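Peer 1:
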Amino acid sequence: MIIDAENLILGRMATCVAKKALLGEKVDIVNCEKAIITGSKEKIVEKYRRIVELGGPFKGPYLTRLPDRFVRRVIRGMLPYKQGRGKEAFHRVMCYISVPYELKNQKMIKLEEADISRVKSLKYMTVGDVCRYLRGR
197 MIIDAENLIL
207 GRMATCVAKK
217 ALLGEKVDIV
227 NCEKAIITGS
237 KEKIVEKYRR
247 IVELGGPFKG
257 PYLTRLPDRF
267 VRRVIRGMLP
277 YKQGRGKEAF
287 HRVMCYISVP
297 YELKNQKMIK
307 LEEADISRVK
317 SLKYMTVGDV
327 CRYLRGR
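Those letters in the sequence shown? Residues 197 to 333, by our numbering.
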C-alpha cells in the first residue's frame, strides 16, 4: 500500500498507518514533507524547539530534522515498538521525501479520514516547514 501524505494530518495518518502495519500490511508513505501538523505556528515551533533543547549530545529524546524520519518517528510512537509484533510492524513502514523512482507508476491512496479539508481551522504547518525551522537552529 502506498499512501500520499500531501495535505494529510500527520497524527490521523499515523494512526491509520500503525493499524495497517499491525495487521501485517507493508505501508510506504510518499511526500512526507507535505504532511500537515495542525495548530498555530507559534505553538508547534515552541513544542518541537523544547524537545530539541531537552536532548543534548549524550541524552535523548533525539528529534530528527529530516521530514521522512520525523514522520516515521511519529508512527513509531503509535506502535508497541518494544514488543515483537510492534517491532515487526515498524519494519513494514517506510517513509520517503517526494516520490521515489521505483514507486512513481504505482497507484497511491489518499486517506479521506486524515484529509485537511475535514478541519475547519486554517492554522497549520507542514512537516517540511517544521524540519526546516529545526535545521536552522
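Heads up, the beta-carbon is just placed ideally off N, CA and C, and yes, glycines get one too.
Quick caveat, the model's predicted, so the values are computed rather than measured.
On the criterion of 16 or more Cβ atoms from any shown chain inside 10 Å, does R268 qualify as buried, or is it exposed?
Peer 2: Answer is buried; the Cβ neighbour count reaches 16.
Peer 1: Looking at the unbroken beta strand (DSSP E) that takes in C291, where does it start and where does it end?
Peer 2: Per DSSP, C291 belongs to the beta strand (DSSP E) from V289 to C291.
Peer 1: Check the C-beta distance from A210 over to M290 and give it rounded, since I have them as a contact under 8 Å.
Peer 2: Their Cβ separation, rounded to whole angstroms, is 14 Å, which puts A210 and M290 out of contact at 8 Å.
Peer 1: Quick check on the DSSP output: what are the complete alpha helix (DSSP H) runs of length 4 or more inside the segment 263-327, in order along the chain?
Peer 2: Complete alpha helix (DSSP H) runs here, min 4: 263-272 and 280-287.
Peer 1: For the candidate residues G282, N203, I233 and A214, whose alpha-carbon lies nearest to that of I271?
Peer 2: With distances taken between Cα atoms, I271 lies closest to A214.
Peer 1: Going straight from the alpha carbon of R261 to that of L330, what length do you get?
Peer 2: For R261 and L330, the distance between alpha carbons rounds to 6 Å.
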